[in-house]
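Each step along the sequence shown adds one to the number in this note's numbering, with nothing skipped, and position 491 is 610.
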Amino acid sequence: NPSNIKFQVDDFNGDGKSELLVMIFPFPDVDIALIETYSFNITPTFSVIRHTPKSANASINHYYETRDMDADGIPELIRLKSDGMYVYKFLFEPGGQTISDPVHYTFPTSAFQVYWADFNADGYCDILFRNKSTGLWGIQLFTGSDFITVDCPVTLTEDPSNNRVSYSLLDYNGDGLVDINERYLESENPKKFRNTFFYNNGNGFRSESFYTYDIDHDIRINPIERTTDMNGDGINDVIYQANNDYNPGLVYLVAYEVNSKDKSNLIEVIRDEFDNETTFTYKHLPYCTGDDQTEPEYVKYTDSSYPFMDFQGPMAVVTKVSAFDGLGNQPDNVREIKYHYEGAKIHLKGKGYLGFMKTRVADVDAGSWSETTNKIEKTDNYIFPHTDISRSYVKINGQDKKLNETKYTYYVHNKPLQNLAKHYAPYQTKVHSKNWNEKGEYEKTVRTESLYLGNENALTYGNPYKVLELGSESELENHSSISAFRFGKEASTFYSYKLNLIDR
């Protein structure tokens, strides 16, 4: 009977592909069928795993959801009951697949209307909830073991189940943080909808509202399932389902313009005791377009694939710093430093803002500049942005001369720390630097290697047990062996650790 079946679609085993979760509700138990598609040929092939959690008297009306509650990138099955939340973890072991016994939390219960989102971008799913009896709203941030209360901007006590108000939680301004969209039917005749966006800045919410008139859309349809970037500006737009056959779909494009409310308390001028000034110039990313004589201060990349996206929100960046050069009186003796940025990445499934993929800092008067290229290491368990290569240049007689090129290598340690839940730690293991003089002649290769592998204390606590400093007048590559260097010294360190865990 299709009325006794619920479906969920997500990546349940961390392979980057979506699986279909089918929940069948015969009494007294619930049959769980996880269907994984292996082939998309003319006749698709499937494998099915089944498990029956001990949930007596379960019915289709009980609340089931799938959300990532342990920040491992794989959603868990959630059931809300009168005594709290039960979390079932999908287990994929070499010998077979099953579902764990549930972990029980006393909050939230079935007495709440619950909306799920990662508000603080820590990977754990947080909760926006409404008390059904009082109508009051709240936000609880989940830490992996308990909940922390933070301020909630939603104050409307109207019951979302009465078809006058609905909510969706998405990033609506392109900053990588989850915002709240509230749609409320203020009047029936004429139709008047108030649309409020509560924009999340990481420390609180700022609200903006607008009204729509003379439209008739089905407010019961939660547009979170029908929301996408319709006009390609990098910002999610709201798609409404209309109530009539003549206008089957309504699209609201979220035109997020930079205004005074978006401008933070930015330092504009620093003046020292001699009245010398350092002036900072800012632009918001969407407006770093340059002109006919200058290149844009920001370049958006086009290589993003979900869940990564290029930032399109009103983030202010420094584009120029003007300062006294120490050689005379201002304003004649001013040194200008200009900044250029590329590929501001955000992660739409909870990791937030990840930084720029390339930055350049140029000393206009000296004719020198440095350029840094970054990269993102990612697995199912962690996302780690870091510096990949940095280079510095100087212009002499109209020609660019490279002075330095440095390659950075990291190792990400991924292991629980005793009885703590998770321990993901990036360690810098190698810095390989090549150097030239202003004539273009090669001078030296310098490398620093920090050793962690093979020493459990070093890996656990992040202190290298051995550091090598190497040098050579020959041009050596990052992959060159230690024996290729002419000079070197080694420093070994021994540590003693005692870990005291404090019960909370």
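We put the beta carbon where it would ideally sit given N, CA and C, even for glycine.
- Following the DSSP letters along the chain, one finds A577 inside the alpha helix (DSSP H) bounded by residues 575 to 580.
- The Cβ neighbour count for A240, taken over all protein chains shown within 10 Å, is at least 16; the residue is labelled buried.
- CA-to-CA, the gap between V418 and G295 works out to about 18 Å.
- Judged by beta-carbon spacing, F317 lies within the 8 Å limit of P272, meaning their Cβ atoms are closer than that value.
- Taking G323 as the centre and dropping the five residues before and after it, the same chain places the C-beta of D270 closer than 7 Å to its C-beta, in chain order.
- For W235, same chain residues with a beta-carbon under 6 Å away, outside a window of 5 residues either side, are R186, C244 in chain order.
- In this chain, A603 is not harboured by any beta strand (DSSP E), its DSSP state being neither H nor E.
- Inclusion of N576 and K526 in the CB contact set at 8 Å is not warranted, their separation being larger than that value.
- A Cβ-Cβ contact shorter than 8 Å links M428 with L467.
- In the three-state reduction of the DSSP assignment, P279 falls in the helix class, which pools H, G and I.
- A check of alpha carbon separations from P545 across Y529, T268, E557, A190 identifies Y529 as the nearest.
- Using a Cβ distance threshold of 8 Å, L473 and P504 count as a contacting pair.
- When secondary structure is reduced to three states using DSSP, L467 falls in the coil class, being assigned neither helix nor strand.
- Around the beta-carbon of Y224, 16 or more other beta-carbon atoms lie within 10 Å, marking it buried.
- Where E557 is concerned, there is no enclosing beta strand (DSSP E), because DSSP gives it neither an H nor an E.
- In the assembly as shown, Q259 is a buried residue. Its beta-carbon has 16 or more other beta-carbons within 10 Å.
- Taking the Cβ atoms as the reference, E592 lies roughly 7 Å from R605, within the contact range of under 8 Å.
- Beta-bridge partners of T315 (DSSP): E301, S328.
- With a cut-off of 8 Å on Cβ pairs, the segment 513 to 521 is not in contact with the segment 490 to 501, counting fewer than three such pairs.
- Within the segment 227 to 284, the beta strand (DSSP E) runs of at least 3 residues that lie entirely inside it are, in chain order, 231 to 236, 245 to 250, 256 to 261, 266 to 269.
- Contact check for T274 against W256 passes: the beta carbons are separated by less than 8 Å.
- For L288, the secondary structure class from DSSP, reduced to helix, strand or coil, is strand.
- Of the other Cβ atoms in all chains shown, 16 or more fall within 10 Å of the Cβ of V284; this residue is therefore buried.
- Around E184, the same chain offers I197 as residues with beta carbons nearer than 6 Å, after the five sequence neighbours per side are excluded.
- In this structure, the straight-line span from the alpha carbon of Q232 to that of K251 is close to 7 Å.
- Assigned with DSSP and collapsed to three states, Y420 falls in coil, not helix or strand.
- The residue among E392, T564, P583 with its C-alpha nearest the C-alpha of G573 is P583.
- Taking 8 Å as the cut-off, the Cβ atoms of G471 and Y420 do not count as close.
- In the three-state scheme derived from DSSP, where H, G and I count as helix and E and B as strand, Y546 is classed as strand.
- Looking from the CA of Y571, the closest CA among E138, K464, L587, Y286 belongs to L587.
- The C-beta of G321 has fewer than 16 other C-beta atoms within 10 Å across all chains shown, which makes the residue exposed.
- DSSP places L587 in the uninterrupted beta strand (DSSP E) bounded by 585 to 591.
- The distance from the Cβ of E301 to that of T315 is about 4 Å, consistent with a contact at the 8 Å cut-off.
- Its Cα nearest to that of F443, the residue N395 stands out among N395, V222, T413, T408.
- S201 and F248 have their alpha carbons spaced roughly 15 Å apart.
- DSSP places L210 in the strand class (E or B) of the three-state scheme.
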